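Visitor: Mind looking over this structure? Questions follow.
In this note's numbering, the protein residues as written are -2 to 134.
Right, dumping it as structure tokens:
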């Protein structure tokens, strides 16, 4: 079994954990009153829905990333799989930054397409590994 895909998978889990922490901080003024403005408003009110939406996004398309990595880990992992996995993880980080920090939907779509294609590439490797295990070496 190949272990090289565990690190990019763990990196994505770490990204999701950071997003949970960020969401907790963004909600703290409203939930616990910690960090409220003098007028009682939440300084994070504008960004909190974007953090929440991005966190939800981590459980949609990334599911296919994790499943592909787990399947590929059963074979001798092709170097292309490792490159695609890291492209996906870095792309998810960039996607999170774009979604949380900007309202630029066009840029977010472009970054998502990179993630999307990386996972499709992983699934091509899954199919090749299943049909021709010698090609994955």
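Glycine is no exception: its CB is placed at the ideal position from the N, C-alpha and C atoms. This structure is a prediction, so every number in the text was calculated from the model and none was measured.
Cα-Cα, which of 112, 130, 129 is closest to residue 60?
Guide: Counted from its first residue, the chain shown places residue 60 at position 63. Minimum Cα distance to residue 60 is reached at 112.
Visitor: Could you give the distance in angstroms between the alpha-carbon of residue 48 and the alpha-carbon of residue 129?
Guide: Taking the chain shown and counting its residues from 1, the one referred to as residue 48 is at position 51. Taking the chain shown and counting its residues from 1, the one referred to as residue 129 is at position 132. Rounded to whole angstroms, residue 48 to residue 129 spans 42 Å at the Cα level.
Visitor: Take residue 115 and list the residues in its own chain whose beta-carbon comes closer than 7 Å to its own, dropping the five residues that flank it on each side.
Guide: Numbered from its first residue, the chain shown carries residue 115 at position 118. So the qualifying residues of the chain are 81, 84, 85, 88.
Visitor: Let me know the secondary structure DSSP gives residue 39 once reduced to three states.
Guide: For the purposes of this step, residue 39 is taken as residue 42 along the chain shown, with counting starting at 1. In this structure, residue 39 counts as coil in the three-state DSSP scheme.
Visitor: Below 8 Å, how does it come out for the segment 5 to 13 and the segment 21 to 30: are there three or more Cβ pairs, yes or no?
Guide: no
Visitor: Note down the Cα distance separating residue 137 from residue 21, rounded to an integer number of angstroms.
Guide: Lying outside -2 to 134, the shown extent of the chain, residue 137 is not represented and no answer is given.
Visitor: On a Cα-Cα basis, can you pick out the residue from 108, 119, 102 that is closest to residue 69?
Guide: Taking the first residue of the chain shown as 1, we reach residue 69 at position 72. Nearest option by C-alpha distance: 119.
Visitor: Leaving out five residues before and five after residue 5 in sequence, what residues of the same chain have Cβ atoms less than 8 Å from its Cβ?
Guide: Counting from 1 along the chain shown, the entry for residue 5 is found at position 8. Once the five neighbours on either side are set aside, the close Cβ partners of residue 5 are 66, 79, 82, 83, 85, 86.
Visitor: Given this structure, state the Cα-to-Cα distance separating residue 136 from residue 122, to the nearest angstrom.
Guide: Beyond the ends of the chain as shown, which are -2 and 134, falls residue 136; an answer cannot be given.
Visitor: Spatial neighbours of residue 108 within its chain, please: CB distance less than 7 Å, with the 5 preceding and 5 following residues excluded, ordered by chain position.
Guide: Numbered from its first residue, the chain shown carries residue 108 at position 111. Taking C-beta separations shorter than 7 Å and ignoring five residues to either side along the sequence, the partners of residue 108 in its chain run 88, 91, 92, 95, following chain order.
Visitor: Where does residue 96 fall in DSSP's three states?
Guide: Start at 1 with the first residue of the chain shown, and residue 96 comes out as number 99. Correct three-state label for residue 96: helix.
Visitor: Quick check: residue 99 and residue 1, are their CB atoms within less than 8 Å of each other?
Guide: In the chain shown, counting from the first residue as 1, residue 99 sits at position 102. In the chain shown, counting from the first residue as 1, residue 1 sits at position 4. The answer is no: Cβ separation not under 8 Å.
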